[in-house]
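From first to last, the protein sequence lines stand for chains A and G. Using this note's numbering, read the first sequence as starting at 212 and increasing by one per residue. Using this note's numbering, read the second sequence as starting at 4 and increasing by one per residue. Glycine included, each C-beta is placed from N, C-alpha and C at the ideal position.
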Amino acid sequence: MKNPRWNPYLVGALIGVLSILTFSIADKPIGMSTGIAQASGACALPFLGGEGVAANTYWAKKAVPTWDYGSLFVVGSFLGALLSALISGSFKITTVPGVWRERFGPSVAKRMVAAFVGGIVILYGARLADGCTSGHGISGSLQLAVSSWTFFLVMFASGIVTAFVLFRRRHA
Amino acid sequence: MQPILAFLSGTSLLWAGLLFGVVFGFLLHRGGVTEYDVIVKQFLFRDFTVLKVMFTAIVVGGVGVFILHGQELANFHIKPATMLAVILGAVLFGIGMVIYGYCPGTGVAAIGAGKLDALAGFVGMLVGGMLYAFTYDWGAAKILPVADLGKVRLPELIGLPEWLWYVALVAMAAGVFALVAKVEKGRVA
């Protein structure tokens, strides 16, 4: 399998340039989790019906389930990574990542359940904080927002504690 | 008074969202941050790719947007510093990020690279979004108003000149990169 990776500083600089373009051309910061919350509203439609979703304050005002700039950005991100993986010849269906396998074994079911639960927690956190690694971490930090630097530092500290609790080496 | 930047509207804005998203997803994949191992090893200080990508993006984007803002060619979009909500949310986010192994953006991109655990986590994120929507009214009444500083920027909170903050930002990033280079060199040797 070919290595598709570029120098991380180059990639970071290009994401910075992309931010400048989104701010100046579209008047939008890069962000991801609002679009996913919009998608969650769309997924609630079959259960709650159109009126049920519209009756929810959050979906009615903050994350309206519709095709707009933000929700299409999410779709684009999926397509962009797919494109990159395909043209670099590195697309591969995988289930259990290496670090996880070393620590928790090869069980696919275990990994899927953990990823599912982690997904619930991360998006709830992202919505409560009003941003994720993109919206706060990159877009908010680059504007020197107090909310975003608070998010960045606390998120990082919380991640470090979690990682060391879960993956500490027993014999180290 | 913020300048109105109506370069794009209607359908062309939608296409811009899709196109910018494609570029973002492409770059996340090229950066290697669509890998569970790369992200988790950052929190274990065994791989520094995430910090390199993020800090470079912040410095380049930050200086660029600051210059454009000075020319009235870009608006700031500051998220409110609802401190209790931001801190609680960030704590949950850090826990979730290590267990999921991706953040929302890199998770979506990782699905494109063929990672099925990222897809399972995406379904979880949809459920998380629903839970947040169902509890939003409670949070808006009890959590969001606590220690709400408003849409404030660091230069306003701590009264130093704007340009000094950007000098500090660049210097901090340079310091972090130098430190990372030293640590990486020490490990190879």
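Check whether the Cβ atoms of A:G348 and A:F363 sit closer than 9 Å, and answer yes or no.
yes
Using C-beta distances below 7 Å, list every residue in its chain close to A:A253, excluding the 5 sequence neighbours before and after it, in chain order.
Around A:A253, the same chain offers P276 as residues with beta carbons nearer than 7 Å, after the five sequence neighbours per side are excluded.
Along chain A, which residues have their Cβ under 8 Å away from the Cβ of G:W168?
L355
What are the boundary residues of the alpha helix (DSSP H) that G:H80 is part of?
Run containing G:H80: none; DSSP gives neither H nor E here.
Beta-carbon gap between G:V2 and G:V53 smaller than 9 Å
An answer regarding residue 2 of chain G cannot be provided, because it is not within the stretch 4 to 192 covered by chain G.
Give a yes or no on whether the minimum CB-CB distance between A:S318 and chain G is below 9 Å.
Output row for A:S318: interface = no.
Min CB distance A:V275 to chain G below 9 Å:
no
Straight-line gap, A:Y335 to G:K185 (C-alpha atoms, nearest Å):
37 Å
Residue environment, A:W360, which counts as buried when at least 16 other CB atoms sit within 10 Å:
buried
State the DSSP-derived secondary structure class of A:T305, mapped to helix, strand or coil.
strand
Out of G:W166, G:G110, G:G115, G:D50, which has the shortest C-alpha to C-alpha gap to G:E187?
G:D50
Going by DSSP, name the residue or residues bridged to A:D341.
Beta-bridge pairing links A:D341 to no other residue.
Outcome for A:A383 when other beta-carbon atoms lying within 10 angstroms are tallied against a minimum of 16
Note that A:A383 has pLDDT 48, beneath the 50 cutoff, so the model's placement of it is unreliable and the number below is only indicative. So A:A383 ends up on the exposed side.
Chain A within 9 Å of G:E187, Cβ atoms only
no
What residues in the segment 303 to 315 of chain A have a beta carbon less than 9 Å from any beta carbon of chain B?
As a matter of chain content, chain B is missing from the structure shown, whose protein chains are A and G.
Does the separation of the CB atoms of A:T344 and G:D120 fall below 9 Å?
Not closer than 9 Å, so no.
Sequence-distant residues of the same chain with beta carbon closer than 8 Å to G:M4, five excluded per side:
For G:M4, the predicted structure reports a pLDDT of 43, less than 50, and the residue's modelled location is therefore unreliable. A value from the coordinates is still provided. Cβ contact annotation for G:M4 (same chain, cutoff 8 Å, sequence separation greater than five): none.
If you draw a straight line from the alpha carbon of A:G260 to that of A:N267, how long is it in whole angstroms?
Approximately 11 Å between the Cα atoms of the pair.
Report the option in A:L256, A:F234, A:P215 whose CA atom is closest to the CA atom of A:L353.
A:F234
Contact criterion: CB-CB distance below 9 Å. Does G:L182 meet it with respect to chain A?
no
Alpha-carbon to alpha-carbon, A:F258 and G:T59
43 Å
Quick check on A:A383: does DSSP put it in helix, strand or coil?
Unreliable placement is indicated for A:A383, whose pLDDT of 48 sits below 50; the coordinate value is still reported in the next sentence. If DSSP states are grouped into helix, strand and coil, A:A383 belongs with coil.
For the pair the segment 76 to 95 of chain G and the segment 285 to 294 of chain A, tell me if three or more CB-CB distances fall below 8 Å.
no
Quick one: what does DSSP say A:D238 is sitting in, helix, strand or coil?
In the structure shown, A:D238 adopts coil according to DSSP, grouped into three states.
From the DSSP output, in three-state form, read off G:K154 for me.
coil
Nearest candidate by alpha-carbon position, reference A:G351, set G:V183, G:I81, G:A113:
G:I81
Using a beta-carbon distance cut-off of less than 9 Å, what residues from the segment 23 to 34 of chain G approach chain A?
F23, G24, V25, V26, F27, G28, F29, L30, L31, H32, R33, G34
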